[in-house]
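Position 65 of the sequence shown, counted from 1, bears residue number 65 in our numbering, the numbering being contiguous throughout. Just so you know, even glycine gets a beta-carbon here, dropped at the ideal spot from N, CA and C. These numbers come from a predicted model, not from an experiment.
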Amino acid sequence: MPVVRRRQFLGLVGGGLLGMAGLAAALPRPAMAASGTLRIGLKSLPGGLNPLTVSDLVARQVLGSMYESLTTVDSKGRILPGLATRWEASDDARRWRLTIRDGVTFHTGRRLTALDVKRSFEAALTGDGANFAVLALAKVRGFRELRAKTAGDLSGITVADDRTLEVVCDEPCAVFPFARLNIVDVEAAAQAGPEWFRTLSAGTGPYRLVRSSDGIRMDVEANPDWRGGSVPFERVSFLATGIGNDGITLFNDSQIDFTFVDTDALRGVMDDPGFKRSLSSVPRMQMRVVALDPRRVKAFGDLRVRRAMSLLIDRAAMAERFFRGVAAVHNGIVPPALLSNERLEPLAYDPALAKRLLEEAGYPEGRGIEPFQVTIVPEYRREFVYYVSQWNNAGIPAKLAIAPRQEFIARSRRRDYDAFLFGWTATYPDPMNFLDELFSSGSRFNPVGWTSAQFDRLIERAMAIPDQDRRAEVYKDAERLVMQDLPVIPLVVPDYVALRGNVLSDNFITPFGGLNFG
C-alpha cells in the first residue's frame, strides 16, 4: 500500500491529483443544498475498493458513502429500512420475503429492481476468498453450488416481481436481512470489465465516485437522485494520512476536517486541552482479542495457560490510565450493548492465581513454554508493550512483532502467526455477528479454529428463532461456552475517538465503525 508523505499529501490536497483520469466531466453537477468539500483522513486506503467483496473496516467506511444495503443502522444501533422496506420471516426463519424500495435509481441511471438485488448477491459470491457477503449468504440454498461454480445462480433466491424477493435457506437464518450486502448495478459493472470499481460508480448511495488513486485518495460527489434527499457536502475526499500522529498534524494544520485517533496517539490527544472542542467519541461495537493458535504453540492448547495469560492483564487500569477513560472492559466476546450477559464471570486481574495455574499446567514461572511472537500492526505497539511485559514478568516467553497492515491482514487470515491481535466490528446489531461468524466450527473467519459441537447446536437453535428477545437467551449460553474455554483473550475495547471540524456533528461516527454520510 502506498505511504503518503506529508509533502506529497499537501500536494494532492492542493492540486487535486492533476492528470488523473476521472468521471467528473461525464456527470452533471448536483443541484441540491450541499456546500463545500469534506476532507476525511484515514490512516490507509485499500488498493481496490470492490463493494461486492468487502472484507475490512476501512473499505466499509469509504464504500458506505456510495453503496447501500437492504437494511441500515441508526446511531443508536436500531435496524431501519434501507433498500428493503419490509422483511418477513417464516416461523423457522428458513424463508424470507423481502420488499424492495420503489423509486430508487443507481448512479448509472438505471432503476433498482429485485433482480438487481439477486444479481448483487450472486456477483459477490463468484469471486475468490472470504468476505462479508460470503458469511451473510452461506445459508442460502444454492450457495455451495455457486461457490463451486457448478451452478450459475443462487437457486434459493426467486424474483417474484420487480419489488419482491423470496429467499429460501438450507438452514434457519434469523438475521439474514440485517447483514451488510452492498447492492450494485451488476449489469453496468459487467460491461465495464473486472476492474470496474476503479472508474465506475454503480451504487445507490448519497455520493458517487468521481475519481480514485489507489491507496492514496478517493473523491466522491453528491448524488442528486439519492432517495434520502439532500446531503450536507457537495464533495467528500478520502485521503490516506498514514498512522501515528500524521493525521493529527494534518488536522491541526486545517488540511483535513476529520481523522480517527490511533490507539497509540490517544493519550497525547486526550491530555492536550487544545483538542478538547474537536474531540468526538462513541463506544465501539467491537471485539478485540489476542488470538492464540495451539497448532503453533503447544502450551496454548492448555486452558490453564490461556487463563493465566488473561489473569495477567489489568483491564480496568488499562481502560482508565492508558485509554484515559474512553474505553470499556467487556467480560465476553459480544459488546454489552448488544448482549448484557449476566451469566459471565468478570475478567479478573490476579497474578497470584496466574502463577498457580502455570504451575498446575507444568510450566512453573513459564518454564517449558516455547518462545512465541505476538504480532500486531504498528498503531497498537504501545498498548501491546504492556501486555507482553506482563507475560514476560510471569516468565511467559512472548515477544512483540510488528507487521505492515496489508501483510498482517493476509497472514492473520491464514493463521500464519503464533498469537496476534484480532478485531471484529459488528456490521449489524445482533450478537450473531460475533458468535456465529467467529466461533462456529464452519466459519471462514474463525480466528483460531476453535470448535465446539455444543456451541454449534446452540447457534443453530438461535438461528431458528426470529424473536430477538428469545434468541438472546440462547446467545447467552453460547457466549458462556466460549468464555469458559477461552480460545481468545479479550482485551480492553477503546471508543472510536476522532478529531472533527465544526462542520461535523458528534453522530458522524457510528458505533459500528461507519461514517454517517446521510
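query: Would you list the residues sitting across from serine 212 in a DSSP beta bridge?; result: Met218
query: So, arginine 315 versus valine 329, is the Cβ gap smaller than 8 Å?; result: yes
query: Please report the distance separating the alpha-carbon of isoleucine 333 from that of glycine 423.; result: 11 Å
query: DSSP three-state label for phenylalanine 366, please.; result: Residue identity differs from the one stated: residue 366 is glycine in this sequence, not phenylalanine. Glycine 366 falls in the helix class under three-state DSSP.
query: For phenylalanine 517, tell me which candidate among Ser237, Leu435 and Glu479 has the shortest Cα-Cα distance.; result: Ser237
query: From the DSSP output, which residues share a beta bridge with phenylalanine 260?; result: Ala498
query: Would threonine 375 and alanine 401 be called neighbours here (beta carbons separated by less than 8 Å)?; result: yes
query: Under three-state DSSP, which class holds serine 440?; result: coil
query: Would you mind reading off the limits of the beta strand (DSSP E) that contains threonine 164?; result: 164–168
query: State the Cα-Cα distance for the pair valine 159 and lysine 139, rounded to the nearest angstrom.; result: 18 Å
query: Kindly indicate which residue of Met218, Phe300, Phe439 and Leu266 has the alpha-carbon position closest to the one of glutamate 379.; result: Leu266
query: Would the segment 41–59 and the segment 169–185 be scored as touching if the rule is three or more Cβ pairs under 8 Å?; result: yes
query: When burial is assigned at 16 or more other CB atoms within 10 Å of the CB, is glutamine 484 buried or exposed?; result: exposed
query: Since leucine 115 is in the alpha helix (DSSP H), which residue starts that stretch and which ends it?; result: 114–126
query: Give me the Cα-Cα distance between glycine 14 and arginine 39, rounded to the nearest whole angstrom.; result: For glycine 14, the predicted model reports a pLDDT of 41, less than 50, meaning its position is unreliable and no value from the coordinates is stated.
query: According to DSSP, glutamate 88 sits in a beta bridge with which residue or residues?; result: Arg97
query: Verify whether the separation of the beta carbon atoms of arginine 235 and valine 220 is less than 8 Å.; result: yes
query: Assuming alanine 426 is part of the beta strand (DSSP E), what are its boundary residues?; result: Note, alanine 426: premise wrong, no beta strand (DSSP E); not H, not E.
query: Can you list, in chain order, the stretches of the beta strand (DSSP E) that have 3 or more residues and sit fully within the segment 271–302?; result: 279–282 and 286–292
query: Within its chain, find whatever has a CB closer than 7 Å to the CB of alanine 34; leave out the 5 residues flanking it on each side and keep chain order.; result: Annotation note: pLDDT 48 at alanine 34 (below 50); position unreliable, coordinate value reported separately. So the qualifying residues of the chain are Ala222, Ser230, Val231, Pro232, Phe233 and Glu234.
query: Could you tell me which of Ser278, Arg413, Leu504 and Arg461 sits nearest to valine 175, measuring between CA atoms?; result: Arg461
query: Can you list, in chain order, the residues of its chain with a C-beta nearer than 7 Å to that of arginine 163? Leave out the 5 residues immediately preceding and following it.; result: Thr99, Ile100, Asp102 and Ala114
query: Tell me the residue span of the beta strand (DSSP E) that contains proline 351.; result: Counting along the chain, proline 351 falls outside any beta strand (DSSP E), though it belongs to the alpha helix (DSSP H) covering 351–360.
query: Between the beta-carbon of glutamate 370 and the beta-carbon of valine 290, is there less than 8 Å?; result: no
query: Enumerate in chain order the residues of its own chain whose CB-to-CB distance from arginine 307 is below 7 Å, with the five nearest sequence positions on each side excluded.; result: Leu357 and Leu486
query: Check for me: the alpha helix (DSSP H) holding alanine 453 runs from which residue to which?; result: 453–463
query: Assuming arginine 94 and valine 210 make a contact with CB atoms under 8 Å, what is their CB distance in whole Å?; result: Not confirmed; about 43 Å, so no contact.
query: Can you give me the start and stop residues for the beta strand (DSSP E) that valine 488 sits inside?; result: 488–490
query: I need the straight-line Cα distance from arginine 295 to isoleucine 256, nearest angstrom please.; result: 45 Å
query: Under 6 Å Cβ to Cβ from proline 346, same chain only, skipping five residues before and after it: list those, please.; result: Asn331
query: For proline 81, list the residues DSSP reports as bridge partners.; result: Thr71
query: Out of curiosity, what's the CA-to-CA distance linking proline 177 and glutamate 88?; result: 9 Å
query: Between tyrosine 67 and leucine 279, what straight-line distance do the alpha-carbon atoms span, to the nearest angstrom?; result: 28 Å
query: I think aspartate 323 touches valine 492, with their Cβ atoms under 8 Å apart; what is that distance to the nearest whole Å?; result: The sequence given here has phenylalanine at residue 323, not aspartate. Indeed, because the Cβ distance is near 6 Å, the residues count as touching under 8 Å.
query: Starting from the C-beta of leucine 70, find all residues in its chain whose C-beta is less than 6 Å away, skip the five residues before and the five after it, and write them out in chain order.; result: Gly82, Leu83, Ala84 and Pro177
query: Assuming alanine 401 is part of the beta strand (DSSP E), what are its boundary residues?; result: 398–402
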